[in-house]
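Report on one structure; see the data block that follows.
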Amino acid sequence: MKTDDFRKHAGEVVEWMASYMERVEEFPVKSQTTPGEIFSKIPDKAPLKSEPFEQLMKDLDAIIMPGISHWQSPNFYAYFPANVSPPSILAEMIISTLGAQCMIWETSPAAAELEEKMMIWLRDMIGLPAQFEGVIQDSASNSTLAAILTAREKATAFDVNENGVQSSALRVYCSSQAHSSVEKAVKICGIGRKNLVKIPVKDDYSMDAAKLEEAIANDIKQGFLPICVVAALGTTGATAVDPIRAIGEICRKYEIHLHVDAAMLGAALLLPEFRWMIDGKEYIDSLVFNAHKWMFTNFDCSIYFVRDAASLIKTFEILPEYLKTRTRGQVNDYRDWGVPLGRRFRALKLWSVIRCYGVEGLQEKIREHINLSKRLADMIAAEPDFELLAPVVASVVCFRYKPAGYDEAALNRLNEKLNHALNDSGKLYLTHTTLNGNYTLRMVTAQTNVALNHIQEAWSLIMQTARSII
Ligand code: PLP
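Per the working numbering, residue 96 is the first one in the sequence shown, and the count goes up by one each step.
Have a look at this one:
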């Protein structure tokens with residue numbers, strides 16, 4: 096494609112993008128296709144000859160769009176969001192045009208230095224102490240893996256890096272509500288799933304710190320070596336907040352790395368009124384939060400902070416001849432701060448989002464979302480045949496339909512049926528979890544453009560559908 100053709104098509108694509116943003120509410124929020132439907136519409140063989148770009152755009156609308164679930168619809172209440180925003184999208188366009196591979200400082204000094212500065216901005220924006228240094232990772236999963244690997248190396252004097260895992264005595268702890276990425280990390284890093292100890296939770300689904308200490312003390316007696324506790328700020332099910340100070344004191348006492356998975360609720364730390372979540376921050380060794388969830392920055396952009404960058408780097412660094420540079424030691428070569436060598440220029444989209452919204456603009460949006468959850472919870476609480484199933488901490492509401500005369504098993508079936516009926520309507524998309532054995536509907540009111548009218552319409556639809564399916 097020649098540059099002039101690119102200019103023409105880029106204009107058309109931008110028009111398509113803007114029109115999509117305007118029309119996003121017209122699409123079924125959850126894709127209504129059946130398995131294999133899209134696959135069967137794509138030719139079996141790659142074209143031998145060049146095809147016009149116009150044809151690709153036609154096929155985009157005809158073949159691909161029906162298979163898209165619309166995460167950017169304000170009627171998207173499922174999972175946790177993967178929010179975008181116009182400033183972030185514009186930056187992504189520039190990032191892909193530059194196509195810089197930012198593995199080391201020399202391969203694009205601006206990328207490394209902007210990343211370093213953005214991490215300072217964000218550290219201060221969320222109220223972490225000045226000792227913390229940050230790096231952008233692709234995902235919270237990889238950040239948690241980096242934390243557990245660092246903990247493993249610190250606890251074994253960097254021996255596992257050299258000699259491999261010699262014993263199965265290393266132990267990691269998280270609550271029974273922690274995200275599955277913790278389990279994945281212990282599988283990958285040679286610690287093993289059986290050495291992940293899941294600590295029971297209290298009524299609000301936060302980790303029971305007394306039970307954590309009991310488990311650690313018991314393990315030590317039996318010859319295990321506790322190396323890491325993963326505490327959550329915002330569990331995936333009910334957005335429970337684990338008590339950082341109480342957990343931190345235990346970690347300090349037993350010399351255990353404290354990693355905080357704040358994938359979703361880290362963004363709420365932008366609000367001073369949510370800083371209670373990091374009371375005890377002096378005990379935190381590492382913390383991850385996803386700007387790609389609730390900070391209006393396109394996936395992927397996961398922010399990983401560490402108190403001791405030297406240990407992180409020592410865990411990951413490796414120096415083949417072809418990566419030796421004259422600036423080594425004077426600059427941040429972020430390839431040493433995580434698993435992948437190659438890195439995208441993600442800092443540019445953070446720069447764009449933070450500057451275009453301003454800290455106050457981001458705070459306002461997050462506050463609005465939290466307020467919407469409160470409003471929704473009030474609407475649910477006002478209906479005697481519905482029940483709230485967890486405290487509303489920030490922007491997630493857990494509830495179920497509970498008409499009289501149904502036992503627990505029947506209620507589970509009924510709520511599952513309700514969930515499918517709602518999603519099949521195409522009018523909204525929500526997902527579920529299980530809390531105390533109860534099938535629980537989860538509504539996340541944190542999509543970039545969600546507003547009160549969306550919540551009101553969603554709630555009417557939920558009530559109407561629920562009462563019509565029994
Ligand atoms: N931690 C929590 C609490 C999550 O809810 C999620 C995903 O929703 C993750 C970690 C994993 O995030 P990522 O997709 O960035 O790996």
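Virtual Cβ for every residue (Gly too), placed ideally from N, Cα, C.
Note that this is a predicted model, so its numbers are computed, not measured.
For residue i and residue j, I'd like the C-alpha separation in whole angstroms.
i: Asp154; j: Val108; result: 13 Å
i: Ile449; j: Leu457; result: 8 Å
i: Val281; j: Val545; result: 37 Å
i: Cys269; j: Pro367; result: 26 Å
i: Glu350; j: Asn531; result: 33 Å
i: His549; j: Ala335; result: 25 Å
i: Pro142; j: Ile189; result: 29 Å
i: Tyr115; j: Leu509; result: 35 Å
i: Leu265; j: Gly259; result: 13 Å
i: Gly162; j: Val383; result: 31 Å
i: Met302; j: Ile286; result: 22 Å
i: Ile565; j: Ser126; result: 25 Å
i: Asn466; j: Ser168; result: 19 Å
i: Glu371; j: Val492; result: Checking the sequence, you will find Trp at residue 371 rather than Glu. Approximately 20 Å between the Cα atoms of the pair.
i: Ala53; j: Gln425; result: Residue 53 is absent from the model: the chain starts at 96 and stops at 565.
i: Phe175; j: Pro295; result: 23 Å
i: Phe171; j: Ser490; result: 13 Å
i: Met538; j: Ala173; result: 6 Å
i: Gly194; j: Arg438; result: 10 Å
i: Leu244; j: Phe481; result: 44 Å
i: Leu525; j: Leu445; result: 28 Å
i: Asp139; j: Gly131; result: 13 Å
i: Phe227; j: Glu552; result: 43 Å
i: Ala113; j: Met390; result: 20 Å
i: Ala241; j: Leu360; result: 20 Å
i: Ala252; j: Gly332; result: 36 Å
i: Gly222; j: His165; result: 33 Å
i: Arg562; j: Asp298; result: 29 Å
i: Ser262; j: Met152; result: 55 Å
i: Ala205; j: Ala442; result: 10 Å
i: Arg421; j: Asn393; result: 34 Å
So the alpha helix (DSSP H) residue i belongs to, where does it begin and stop?
i: Tyr349; result: Ile339 to Tyr349
i: Tyr501; result: No alpha helix (DSSP H) holds Tyr501; DSSP gives it neither H nor E.
i: Arg118; result: Thr98 to Arg118
i: Phe253; result: Here Phe253 belongs to no alpha helix (DSSP H), and DSSP marks it neither H nor E.
i: Lys153; result: Phe148 to Asp154
i: Lys282; result: Ser275 to Ile283
i: Gln551; result: Leu547 to Ile564
i: Glu228; result: Note, Glu228: premise wrong, no alpha helix (DSSP H); beta strand (DSSP E) at Glu228 to Gln232.
i: Asp314; result: Ala304 to Lys316
i: Met198; result: Per DSSP, Met198 belongs to no alpha helix (DSSP H) and is neither H nor E.
i: Trp216; result: Pro204 to Ile221
i: Ala186; result: Pro181 to Leu193
i: Leu407; result: Ala404 to Phe411
Let's test the definition: count the other Cβ atoms within 10 Å of the Cβ of residue i and tell me whether it reaches 16, buried, or not, exposed.
i: Trp432; result: buried
i: Tyr429; result: buried
i: Ile315; result: exposed
i: Phe122; result: buried
i: Ser180; result: buried
i: Phe369; result: buried
i: Ile557; result: buried
i: Ser159; result: Looking at the sequence itself, residue 159 is Ile, so the reference to Ser does not match. Ile159 is exposed by the Cβ-count criterion.
i: Thr560; result: buried
i: Asp337; result: buried
i: Gln232; result: buried
i: Met213; result: buried
i: Thr540; result: buried
Start and end of the beta strand (DSSP E) containing residue i?
i: Gln458; result: Looking at the DSSP string, Gln458 is not in any beta strand (DSSP E); the run it does join, the alpha helix (DSSP H), is Ala442 to Ala476.
i: Glu482; result: Phe481 to Leu483
i: Ser126; result: Element bounds for Ser126: n/a, residue is neither H nor E.
i: Arg266; result: Leu265 to Ser270
i: Phe384; result: Ser381 to Asn385
Based on the DSSP secondary-structure assignment, which residues constitute the bridge partners of residue i?
i: Thr529; result: Tyr534
i: His352; result: Cys323
i: Phe394; result: According to DSSP, which records beta bridges pairwise, Phe394 is partnered with nothing at all.
i: Leu291; result: Val267
i: Leu75; result: Here the chain covers residues 96 to 565 and nothing more, so residue 75 does not appear.
i: Tyr524; result: Phe171
i: Arg423; result: Val426
i: Phe494; result: Leu483 and Leu536
i: Val296; result: Met302
i: Val401; result: Glu228 and Ser381
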